[in-house]
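Note that the working numbering has the sequence shown beginning at 153, numbered continuously upward. What follows is one structure encoded as structure tokens, with my remarks underneath.
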Amino acid sequence: MSKKYGIGFLLLIGLVFGYFIVKQSKSPAAPTPPSSGTKTQKETTQTVPERTVTINATNFSYDLKEIRIKRGEKIVLEVKNTEGFHDLVIDELGVKTKQLKEGESQAIIVSSDVAGKYEYYCSVGAHRMMGMKGTLIIE
Ligand SMILES: [Cu+2]
Numbered sequence: 153m154s155k156k157y158g159i160g161f162l163l164l165i166g167l168v169f170g171y172f173i174v175k176q177s178k179s180p181a182a183p184t185p186p187s188s189g190t191k192t193q194k195e196t197t198q199t200v201p202e203r204t205v206t207i208n209a210t211n212f213s214y215d216l217k218e219i220r221i222k223r224g225e226k227i228v229l230e231v232k233n234t235e236g237f238h239d240l241v242i243d244e245l246g247v248k249t250k251q252l253k254e255g256e257s258q259a260i261i262v263s264s265d266v267a268g269k270y271e272y273y274c275s276v277g278a279h280r281m282m283g284m285k286g287t288l289i290i291e
């Protein structure tokens, strides 16, 4: 083995080591999280509702004629449609489910700081007139 090859070999090793050192020092800074998705994180950090109230919809009534909650309380109202095609609307509070097919359910958040009686009803066809409604009492 001549001296020339020996020096060339050392240079090559030096280059390889140099490459790995540079690569390692760079890698921790490499993964930067995408800046999108900050909006949805904010929404999930809001106060968690204390309880869930389940209401079943059938042809043509709800199994709950009355729901009572405290003023300022926040509940999850889970609307389960077990028969027919229904939704649940509370005009004064600006909440409504989509129109649910049989077997579907949807949870909505219900709360108000204003005590009073609020009617909830089904907005499909003439269901409301047929008695598909109830009263949300905020006390
Ligand atoms: Cu209905």
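Glycine residues also receive a C-beta, built at the ideal position from the N, C-alpha and C atoms. Small disclaimer: the values here were computed from a predicted structure and weren't measured.
In terms of alpha-carbon separation, which member of the options lies closest to residue i?
i: R203; options: E218, K217, E230; result: E230
i: Y272; options: Q258, R220, K285; result: K285
i: F237; options: I227, V228, T249; result: T249
Tell me whether residue i counts as near ligand 1, meaning its Cβ is closer than 8 Å to at least one heavy atom of that ligand.
i: D239; result: yes
i: V231; result: no
i: G255; result: no
i: M284; result: yes
i: G224; result: no
i: V276; result: yes
i: A298; result: Residue 298 is absent from the structure shown; the chain starts at 153 and stops at 291.
i: G236; result: yes
Hey, how far is the Cα of residue i from the Cα of residue j?
i: L252; j: S264; result: 24 Å
i: D239; j: E218; result: 16 Å
i: S213; j: C274; result: 9 Å
i: G277; j: E244; result: 20 Å
i: T222; j: N233; result: Correcting the residue type first, residue 222 is Lys in the shown sequence and not Thr. Whole-angstrom Cα-Cα distance: 26 Å.
Considering residue i, what are the terminal residues of the beta strand (DSSP E) in which it resides?
i: E218; result: 218-221
i: G268; result: 268-273
i: S372; result: The displayed coordinates of the chain run from 153 to 291. Any statement about residue 372 would go beyond what the structure contains.
i: E230; result: 226-233
i: V205; result: 203-210
Buried or exposed for residue i, going by 16 or more other Cβ atoms inside 10 Å?
i: N211; result: exposed
i: G268; result: exposed
i: V266; result: exposed
i: T206; result: exposed
i: I290; result: buried
i: I242; result: buried
Within 9 Å of any Cβ in chain E, is that where the Cβ of residue i sits?
i: K250; result: Although the question refers to chain E, the structure presented lacks it and comprises just one protein chain.
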